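Read through the structure below, which is laid out as structure tokens, and then see the notes.
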Amino acid sequence: MNVISDQMAPTNVLIVGVGGQGVIMVSKVLARLCQVKGFQVKQSEVHGMAKRGGGVFSHVRFGQQVWSPTIPKGEVDILVALEWAEGLRWLNHLKRHQGTFLSDTQQIVPPFSCRDRKRGARLAYPEETARDVIEMVGKGFALDATEMASELGNAKAANTILLGALSTALDFALDDWLEVLDEFVPPKTKALNREAFLKGREWVENPPELPPEDDKPAPAVHRVTHPEIQETIALEITESWCKGCDICVKMCPQRCLALNGAQVATLTDPDACTACRLCEWLCPDFAIRVTAEIEEAAATLEKPQ
Ligand code: SF4
Ligand code: SF4
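Residue numbers (this note's numbering): 23 to 327.
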């Protein structure tokens with residue numbers, strides 16, 4: 023099993039989705055199980071707009087000692103998304119290069135995403151594929167949980183399929199999961215939910231091959247080496263995803279981004295970029311990706327013998 027559950031640092035699980043998908047049920051099952059196993063648990067949730075199809079999220083933190091009920095940005099060990107765009111929205115809360123991402127590929131397009139009011143209006147929905155996301159995270163799984171649940175006879179059990187998937191990433195025995203699951207589902211649906219749970223678990227243990235990659239737009243990559251800090255910073259801008267909203271340009275503390283003549287963000291002063299990642303976090307279209315690599319060779323040279 024993967025995620026630490028017995029060290030001093032708490033394990034952080036973030037569950038996200040939209041109203042009516044059962045985010046809170048997943049969160050409650052996990053919190054209860056952690057409690058039963060003797061951990062200190064803190065759970066918090068936001069679900070105010072749930073009835074209008076709005077976003078719902080819940081933080082679950084458990085460990086020997088947990089002080090705060092909310093997970094700091096960038097500290098999520100496991101992100102469970104019941105809806106694809108919600109998963110993408112919260113992606114930057116995952117631990118960089120280490121976190122586990124589990125998401126339903128189900129897309130729920132909110133009414134306000136229409137860009138105009140005409141018949142056949144274009145919808146604004148993220149274009150990132152499962153492959154795009156899996157390449158960004160420590161471990162990534164994108165499954166069509168809603169379709170899998172429909173095959174079992176109830177699409178609403180998609181949340182239990184995701185719960186089963188989550189169970190593969192935590193060190194609790196299968197029987198304990200199933201026992202707690204039974205407490206939180208209507209008695210008549212216990213058998214179906216158990217089946218859904220096992221299906222999600224099995225999917226993650228034997229994930230199918232990802233579909234072949236479509237021709238993806240290649241990002242423009244700017245690489246800058248900073249010998250003084252032995253780091254190479256790479257800033258990638260996928261130009262076809264940039265809608266020229268100007269957010270990154272306005273928010274860059276180093277003022278090193280600008281919109282070019284085609285109203286696409288471009289790095290105008292690479293030497294000034296500190297790889298703070300603010301532009302990556304704020305870009306609503308995931309058009310920017312920033313990575314900083316330590317120069318291994320240089321670092322080795324500096325090591326005392
Ligand atoms: S990483 Fe930070 S400094 Fe570099 S371009 Fe983005 S916002 Fe500016
Ligand atoms: S924030 Fe994203 S979409 Fe907006 S200008 Fe910058 S790169 Fe383009």
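All residues carry an ideal CB built from backbone N, CA and C; glycine is no exception.
Because the structure is a prediction, the values reported are computed rather than measured.
I'd like to know whether the C-beta atoms of residue i and residue j end up nearer to each other than 9 Å.
{"i": "GLU302", "j": "ASN181", "result": "no"}
{"i": "GLY76", "j": "VAL40", "result": "yes"}
{"i": "ALA167", "j": "ILE156", "result": "no"}
{"i": "GLU258", "j": "VAL312", "result": "yes"}
{"i": "TRP89", "j": "VAL98", "result": "no"}
{"i": "PHE219", "j": "LEU192", "result": "no"}
{"i": "CYS305", "j": "ALA287", "result": "yes"}
{"i": "ALA152", "j": "LEU214", "result": "no"}
{"i": "VAL38", "j": "GLY109", "result": "yes"}
Starting from residue i, trace the alpha helix (DSSP H) in both directions and tell me its first and last residue.
{"i": "ASP328", "result": "Nothing can be reported for residue 328: it is not among the residues displayed for the chain, which extend from 23 to 327."}
{"i": "GLU108", "result": "106 to 111"}
{"i": "VAL98", "result": "First-last for VAL98: undefined, no H or E at that position."}
{"i": "SER172", "result": "167 to 174"}
{"i": "SER189", "result": "180 to 189"}
{"i": "LEU300", "result": "300 to 304"}
{"i": "SER49", "result": "45 to 58"}
{"i": "GLU201", "result": "196 to 206"}
{"i": "GLU231", "result": "Unbroken run through GLU231: none, as it is neither H nor E."}
{"i": "CYS270", "result": "269 to 273"}
How is the beta strand (DSSP E) around residue i delimited, first residue to last?
{"i": "PHE84", "result": "77 to 85"}
{"i": "ASN34", "result": "33 to 40"}
{"i": "VAL123", "result": "Looking at the sequence provided, one finds Phe at residue 123 rather than Val. Counting along the chain, the beta strand (DSSP E) containing PHE123 begins and ends at 122 to 126."}
{"i": "GLU149", "result": "Counting along the chain, GLU149 falls outside any beta strand (DSSP E), and DSSP gives it neither H nor E."}
{"i": "ILE259", "result": "253 to 259"}
{"i": "LYS64", "result": "62 to 68"}
From the DSSP output, which residues share a beta bridge with residue i?
{"i": "LEU279", "result": "LEU289"}
{"i": "SER90", "result": "In the DSSP output, where bridge partners are listed per residue, SER90 has none listed."}
{"i": "ALA314", "result": "ILE255"}
{"i": "PHE163", "result": "LEU124"}
Hey, residue i and residue j are a contact pair by Cβ (cut 8 Å); roughly how many whole angstroms apart?
{"i": "CYS56", "j": "VAL63", "result": "5 Å"}
{"i": "PHE79", "j": "LEU52", "result": "Not confirmed; about 14 Å, so no contact."}
For this session: Evaluate the contact criterion for the stretch 102 to 113 versus the stretch 170 to 186: three or more CB pairs, one atom per stretch, below 8 Å.
Result: yes
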